[in-house]
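Enquirer:
Residue numbers (the UniProt record's numbering): 1 to 330.
Structure (structure tokens):
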């Protein structure tokens, strides 16, 4: 009988055929160590339905060092993983179009990009693919590439990705300790008064009947804290810088809406009649066809050197044009 092929994790990703008909044995590298077996299989077995991955895990067909494991097992360097024959979906991972995005910074540990508005950071919830899938498709030789944090699909700006597992672990520890300083630029409708304002409202996540993820202020929700600094007043609008002290889903959007200030262009929590007006150019005012929320700056410690880093993403042209068409108020 022909010997079973043995692959490294990277080789297994590149070698997996449209329909895998033989057992694979994968030796876990240092960069792959620490991740859960289910997440590892979802990446290695590209094109295999998620339901099938969990089925072969439950059945015991996946083995680590010849023993059975469950989906929560975390891989260690040197582990030998047995991957059974799996049937790929008819649409393979090659259907994801590779794409690069504007790079703010890159080294052997980090990739920092300027994400455009309208692009999801990852697939799911009706989105076939996002930034992470497109970057992996564009960089097939990358050994490791993972999101460090997330941005809403409608939000543009600074997005961190890790190119090493050690970098991902370090940055996640920084996030848990509240060390990174994240700043957003946001335009609100209304007469904003305070130069600096703290908003502390507990947030609760829920799903609408059609499955859409939403957030509302609720007494038993997660503690949430945003600081808003006034940058510039305009007639009917104010440009704010938001400092995130916690990182809840839709935090800035819900904190502002619950405080009586809708974000220009916000199609979930905003003023829908206003949004329709903003999409049309009126007089000298430029149109605004997106939500005006932009992650413009993040400060953190480099995961390898420990040196403080600050990365910036300038306001997108469509936001700049809209601001320039407004009348400033002293």
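Where a beta carbon is used, it is the ideal one built from N, C-alpha and C, also for glycine.
#1: Output the distance between the C-alpha atoms of residue 214 and residue 152, rounded to the nearest integer angstrom.
#2: Would you identify the three-state DSSP class for residue 134, choosing helix, strand or coil?
#3: Alpha carbon to alpha carbon, how far is residue 146 from residue 225?
#4: State the Cα-Cα distance for the pair residue 196 and residue 261, rounded to the nearest angstrom.
#5: Using the beta-carbon count (16 or more within 10 Å), is residue 207 buried or exposed?
#6: Based on Cα-Cα distance, which residue from 257, 272, 28, 252 lies nearest to residue 79?
#7: Using a 10 Å radius around the Cβ and a threshold of 16 neighbouring Cβ atoms, would you call residue 85 buried or exposed?
#8: Cutting at 7 Å between CB atoms, please list the residues of its own chain near residue 191, excluding the five before and the five after it.
#9: Which residues does DSSP pair with residue 311 in a beta bridge?
#10: Helix or strand or just coil, what does DSSP make of residue 288?
#11: Helix, strand or coil: which one does DSSP assign to residue 105?
#12: Taking 8 Å as the threshold (C-beta atoms), are residue 112 and residue 73 in contact?
#13: I'd like to know whether the C-beta atoms of residue 253 and residue 266 end up nearer to each other than 8 Å.
#14: Assuming residue 40 is part of the alpha helix (DSSP H), what are its boundary residues?
Expert: This is what the structure gives:
#1: 12 Å
#2: helix
#3: 27 Å
#4: 15 Å
#5: exposed
#6: 28
#7: exposed
#8: none
#9: 298
#10: coil
#11: strand
#12: no
#13: yes
#14: 37 to 44
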